[in-house]
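Visitor: This is the structure I have questions about; it appears just below.
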Amino acid sequence: MPRRTDIEKILIIGSGPIVIGQAAEFDYSGTQACKALKEEGFKVILVNSNPATIMTDPDIADRTYIEPLDVDILEKIIAKERPDAILPTVGGQTALNLTVKLAENGILDKYNVKLIGANVEAIKKAEDRELFRQAMLNIGMELPKSYTATSLQEAIEKLKLLQDDEYYYKYFGYKLPKDFKPTKKSSPFPVIIRPSFTLGGYGGGIAYNYEEFKEKVEYALECSPIHEVLIEESVLGWKEFELEVMRDLKDNVVIICSIENFDPMGIHTGDSITVAPAQTLTDKEYQILRTAAQKIIREIGVETGGSNIQFAVNPKNGKVYVIEMNPRVSRSSALASKATGFPIAKIAAKLAVGYTLDELPNDITKKTPASFEPAIDYVVVKYPRFAFEKFPKADKTLNTTMKSVGEVMAIGRTFKEAFLKAIRSLEMKPDTPIFEKLKNISLEEIKKNIAIPNPFRVFYIFEALRRGVSIDEIYDLSKIDKWFLYQLYQIIELEKELSKYKGKFLEDLEKDQKFIKLFKLAKTWGFSDKYLAQILS
Ligand SMILES: Nc1ncnc2c1ncn2[C@@H]1O[C@H](COP(=O)(O)OP(=O)(O)O)[C@@H](O)[C@H]1O
Ligand SMILES: [Mg+2]
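Under the numbering used here, the first residue of the sequence shown carries the number 568, and numbering increases by one thereafter.
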């Protein structure tokens, strides 16, 4: 399909101020989208309250408004500019929420503005937990079981219901899943608490007992703008995956990238170390997620553009739950774009104005069209950057509320190389697997810090491996997939081998064939010069 000719002027809503947990990545996606639309000859109107962004540079859009992002101001801009369409999916959650409000207040109808990319129904279906549940159950996808509550009293009642799986399906009027086995749990804990309509998991948490439950529900109710919480079955310790999906108007669907979370469910993807492509799925398991993602984007009805879908996979039996779908470009799509060279926001903008994936060239290959799924022969590791030194009183335990302030990305031939590169890209101490501070800490303390997720957990794992703690035991404590733990184990094994050469003279080492072999291996695994110096000097 050629470029649409029924629209000429497109409004793009930015994401406003940069706050922890969101926004900087939307400058990247918004800028890409503006450029892509201008390239196609559209007139681009941009609104963003944040002048410290690339997208508000004078030559990125045809007209730029640096104004507060609220409905009244947007209505004034729409009245003045009379855009034909809004592209709501490249400015993060702020842009999506504002677009829904503009539609609900009748402003889009009044000024005859079309939505391109995703319509209001699709946005709501993905964002409203209740509508999302119905949509998923309709296509036979399962989610963690959950109930909503608007008071502590109701939350306590719903907590009891969570113990009865069969009742859940009756409650929502759905057929039991095919492989259903009735289970009655002896305890409802741990349980996940999530306030409705907050971002980045804000106000949510995990309760392990009644005391915590009451405290956390009350706090969550306070955080929710509509005073509502979700009481949800926990799948802590399951493996977590994300798929970046794109769809065009001809209903072609491609998976740009699969991302695996090194940290299991229970740690926000924004705070997890993540790896692209997924490393521990069999082809069959990957195909199950791929097919599910295609079904989901179609059911939600995102017409064009990129979406991010999160899954949990039970490591014991491969059972898949859908966790959420973001019907827009996201932090993960920025990562997936950089990891694969497939510019998701740019392509999303072009799909929104009528092009189809088979008509757009792949930026990297130049020859193949964008309808081919990228395949990468390297590994990308994203490592979150925390700044707890700036918030000394904050609880450093990682959970379902995002706490990181940024991230680094590293590319390597292997997971090990990318992982070690990522650690040193953080520009913080320690920047190698050796963390001096842990040398004199008790084993008990080390294990505690592996069981309770925190920003330095991998360094505790390295130390445990050094002291001979088995992969099985570390798995039991952390639920980090054993394949990843084995990679860390191999790093420590090589470290131990190399440390046998500690203090030797260079002249001798240069002649030692065994040493040279180990040294080369260390280099291909991404050992930095500093790390080698720590081991050898
Ligand atoms: N039922 C659950 N059990 C355990 N962990 C969960 C559950 N649901 C979500 N999580 C964790 O919480 C994180 C945030 O949840 P998500 O639904 O993705 O919300 P957000 O909109 O904040 O991204 C997820 O990345 C996952 O690790
Ligand atoms: Mg999420």
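Even glycine gets a Cβ: it sits at the ideal position worked out from N, Cα and C.
Per DSSP, which one or two residues make a beta bridge with valine 657?
Guide: None, per the DSSP bridge assignment.
Visitor: Report yes if the C-beta distance between isoleucine 612 and aspartate 629 is below 8 Å; otherwise report no.
Guide: Between isoleucine 612 and aspartate 629, the CB-CB gap stays under 8 Å.
Visitor: When you compare the CB positions of leucine 1032 and tyrosine 1056, do they come within less than 8 Å of one another, or not?
Guide: Yes. Within cutoff.
Visitor: Find the nearest neighbour of glycine 873 within the set Gly658, Ile633, Tyr1042 and Met976, judged by alpha-carbon distance.
Guide: Gly658
Visitor: Apart from the five residues on each side of it in sequence, which residues of its chain come closer than 7 Å, Cβ to Cβ, to serine 971?
Guide: Gly837, Asp838, Pro951, Arg952 and Phe953
Visitor: Taking 8 Å as the threshold, find out whether the stretch 893-905 comes into contact with the stretch 582-601 through three or more Cβ pairs.
Guide: yes
Visitor: Please enumerate, following chain order, all residues with a beta carbon closer than 6 Å to at least one heavy atom belonging to ligand 2.
Guide: Thr836, Gln877 and Glu891
Visitor: For alanine 843, I'd like the list of residues in its chain whose CB is within less than 6 Å of its CB, leaving aside the five on either flank, ordered along the chain.
Guide: Cys824, Ile826, Ala906 and Val947
Visitor: Compute the distance between the beta-carbons of isoleucine 855 and glutamate 940, then report whether it is under 8 Å.
Guide: Here isoleucine 855 is not near glutamate 940, since their CB atoms are 8 Å or more apart.
Visitor: Can you say whether isoleucine 577 is buried or exposed, counting buried as having 16 or more other CB atoms within 10 angstroms of its CB?
Guide: When all chains shown are included, isoleucine 577 counts as buried.
Visitor: Does the beta carbon of proline 1172 fall short of 7 Å from some heavy atom of ligand 1?
Guide: A query on residue 1172 cannot be resolved here, the shown segment of the chain reaching from 568 to 1104 and no further.
Visitor: Return the Cβ separation of valine 889 and leucine 604 in integer angstroms, given the expectation that the two are a contact with Cβ distance under 8 Å.
Guide: Wrong, their Cβ atoms sit about 32 Å apart, outside the cutoff.
Visitor: How long is the line joining the alpha carbons of aspartate 944 and aspartate 637, rounded to whole angstroms?
Guide: Just so you know, the alpha carbons of aspartate 944 and aspartate 637 end up roughly 44 Å apart.
Visitor: What residue does the beta strand (DSSP E) around methionine 976 start on, and which one ends it?
Guide: 973-979
Visitor: Any heavy atom of ligand 1 closer than 7 Å to the CB of glutamate 799?
Guide: yes
Visitor: By the DSSP assignment, the alpha helix (DSSP H) with isoleucine 574 in it spans what residues?
Guide: Taken as a continuous stretch (DSSP letters only), isoleucine 574 belongs to no alpha helix (DSSP H), as it is neither H nor E.
Visitor: Which residue wins for smallest C-alpha separation from asparagine 1007, given the options Lys602, Asp1043, Gly684 and Glu1030?
Guide: Considering only alpha carbons, the answer is Glu1030.
Visitor: Since leucine 927 and lysine 917 are thought to touch, with beta carbons under 8 Å apart, how far apart are those beta carbons, to the nearest angstrom?
Guide: 6 Å
Visitor: Return the first residue and the last residue of the beta strand (DSSP E) that methionine 813 is part of.
Guide: 806-814
Visitor: Please give me, in chain order, every unbroken run of the alpha helix (DSSP H) with length at least 4 that falls completely inside the stretch 775-844.
Guide: 777-790
Visitor: Would leucine 902 pass as an interface residue toward chain D - the criterion being a Cβ-Cβ separation below 8 Å?
Guide: The chain labelled as chain D is not found in the depicted structure, where only one protein chain is given.
Visitor: Taking the C-alpha atoms as reference points, what is the distance between glycine 1084 and aspartate 1096?
Guide: The displayed chain sequence assigns lysine, not glycine, to residue 1084. The straight-line gap from Cα to Cα measures roughly 16 Å.
Visitor: Who are aspartate 731's beta bridge partners in DSSP?
Guide: Lys751
Visitor: Shorter than 7 Å, the distance from the beta carbon of glutamate 709 to the closest heavy atom of ligand 1, or not?
Guide: no
Visitor: Please determine, among Phe1023, Asn1016, Lys1063 and Lys1046, the residue with the shortest C-alpha to C-alpha distance to glycine 1035.
Guide: If we check each option's Cα against that of glycine 1035, Lys1063 comes out closest.
Visitor: Looking at proline 1020 and aspartate 1107, is the spacing between their C-beta atoms short of 8 Å?
Guide: There is simply no residue 1107 to check, as the chain begins at 568 and stops at 1104 in what is shown.
Visitor: Just list the alpha helix (DSSP H) runs in the stretch 1031-1082, keeping only unbroken ones of 4 residues or longer that don't cross its boundaries, in chain order.
Guide: 1038-1045, 1049-1066 and 1073-1078
Visitor: For a test of the three-state rule: what should DSSP assign to glutamine 877, helix, strand or coil?
Guide: Glutamine 877 falls in the strand class under three-state DSSP.
Visitor: State the beta-bridge partners of isoleucine 760 as determined by DSSP.
Guide: Gly772 and Ile798
Visitor: Quick one: grab the DSSP three-state call for glycine 597.
Guide: Glycine 597 falls in the helix class under three-state DSSP.
Visitor: Just the Cα atoms here: how many angstroms apart are proline 762 and glutamate 1060?
Guide: Their backbone Cα atoms lie some 45 Å apart in a straight line.
Visitor: Given the structure, does threonine 841 come close to ligand 1, in the sense that its CB is under 7 Å from one of the ligand's heavy atoms?
Guide: no
Visitor: Is any heavy atom of ligand 1 found at a distance shorter than 7 Å from the C-beta of leucine 1076?
Guide: no
Visitor: Do you know whose CA, among Gly581, Ala646, Glu642 and Glu606, lies nearest isoleucine 621's CA?
Guide: Gly581
Visitor: Contact defined as beta carbons within less than 8 Å: I believe histidine 794 pairs with threonine 847. What is the distance between those atoms, to the nearest angstrom?
Guide: So it is not a contact: roughly 40 Å between Cβ atoms.
Visitor: The alpha helix (DSSP H) that contains threonine 968, what's its start and end?
Guide: That residue, threonine 968, is in no alpha helix (DSSP H); it is neither H nor E in DSSP.
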